[in-house]
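Numbered per numbering that gives the first Met the number 0, the sequence shown spans residues 0 to 212. Comments concern the structure below.
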Amino acid sequence: MNSVLSGVVKYLPVLAAVLFEIITTADAAATNGMMGAFNCSQPPKFDNFDISKCCRLPNINLGSVVDKCHKHVKSLKSHNANYPAYAHVCYPECIYRETGSFIDGDIQMETVRNFLQNNIEQRDKIIVPTIVKSFETCMTNIKNTMQARGIKSYPKIDGLGCSPYASMVYGCVNAETFLHCPPEMWQEESSCNVAKNFALQCNPLPHVPLPMI
Ligand SMILES: *[C@@H]1O[C@H](CO)[C@@H](O)[C@H](O)[C@H]1NC(C)=O
0 MNSVLSGVVK YLPVLAAVLF EIITTADAAA TNGMMGAFNC SQPPKFDNFD
50 ISKCCRLPNI NLGSVVDKCH KHVKSLKSHN ANYPAYAHVC YPECIYRETG
100 SFIDGDIQME TVRNFLQNNI EQRDKIIVPT IVKSFETCMT NIKNTMQARG
150 IKSYPKIDGL GCSPYASMVY GCVNAETFLH CPPEMWQEES SCNVAKNFAL
200 QCNPLPHVPL PMI
């Protein structure tokens, strides 16, 4: 039996990676109206500070879905035991699919909204509108970017049975939610504020690299 605890997923697990592996050029600073205080090729050093703790993670009861998707990802040929299952490119699609939020190759916003509203713990409900807004912003941005590149949809990755689309949305939603974290869930610490300002300046939407095809 799956306890509520093991059904709790961290919505922002890959955040640090998303924020700091994707360093864009300084051009972003010029176009987003900020002062360009950072040199985007020189991300601030945080030593062992855990950036993912800056926006408190909402507890979400995903029931048996987490176990199911961990097993699914571990069964794939590309599974690498050195990485957590949630970091696998097919993990987000599995989570969305198993919660009824991913149908016919796209994320069903109405289902996502209801799911978050019904399954995020009461004390964390304040973040639901932020996450919903992040989904909307990210899906719009990713689709526009794809369209601009003449990409209709991403095909399934050979041998894995998932397309990278859901994981792109997932990574973007994590980063976007971090940037718009409700004050009630934000850790007022200088490292957190530096990380946020750096990301605002240097990691523009969609926050994740979109594969070329
Ligand atoms: C930003 O950092 C890079 C790498 O250290 C350096 O080559 C570049 O000159 C710096 N740009 C500015 C504007 O300081």
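We treat Cβ as the ideally placed atom computed from N, Cα and C, and that holds for glycine.
Tell me whether the beta-carbon of Cys201 lies closer than 8 Å to the beta-carbon of Phe37. For the 8 Å CB-CB criterion, Cys201 and Phe37 form a contact.
Bridge partners of Cys161, per DSSP? In DSSP, Cys161 forms no bridge with anything.
Measuring CB to CB, does Leu56 end up less than 8 Å from Thr98? No, Cβ-Cβ distance for Leu56 and Thr98 is not below 8 Å.
List the residues that DSSP assigns as beta-bridge partners of Cys54. In the DSSP assignment, Cys54 is bridged to Trp185.
Grab me the residues of Gln107's own chain with a C-beta within less than 8 Å of its C-beta, minus the 5 sequence neighbours each way, in chain order. Counting only Cβ-Cβ distances below 8 Å, and skipping sequence neighbours, we find Gly99, Ser100, Phe101.
To the nearest angstrom, report how far apart Tyr85 and Ser51 are at their CA atoms. Tyr85 and Ser51 have their alpha carbons spaced roughly 15 Å apart.
Is any heavy atom of ligand 1 found at a distance shorter than 7 Å from the C-beta of Asn217? This structure cannot settle anything about residue 217, because the visible part of the chain is limited to 0 through 212.
Give a yes or no on whether the C-beta atoms belonging to Thr129 and Thr176 are separated by under 8 Å. Here Thr129 is near Thr176, since their CB atoms are less than 8 Å apart.
Euclidean distance between Cα positions of Gly160 and Ser189: Each residue's Cα considered, the two are about 42 Å apart.
Close beta carbons around Met33, own chain, < 7 Å, minus the five adjacent residues each side: Its pLDDT being 48, under 50, Met33 is placed unreliably by the model, and nothing is read from it.
Would you say the region 201-211 touches the region 128-148, given that touching needs at least three Cβ pairs under 8 Å? Here the region 201-211 makes contact with the region 128-148; the two share three or more CB pairs at distances below 8 Å.
Cβ-based neighbour list, Asn118, same chain, cut-off 6 Å, excluding 5 preceding and 5 following: Excluding sequence neighbours, Asn118 sits near Ile59, Asn60.
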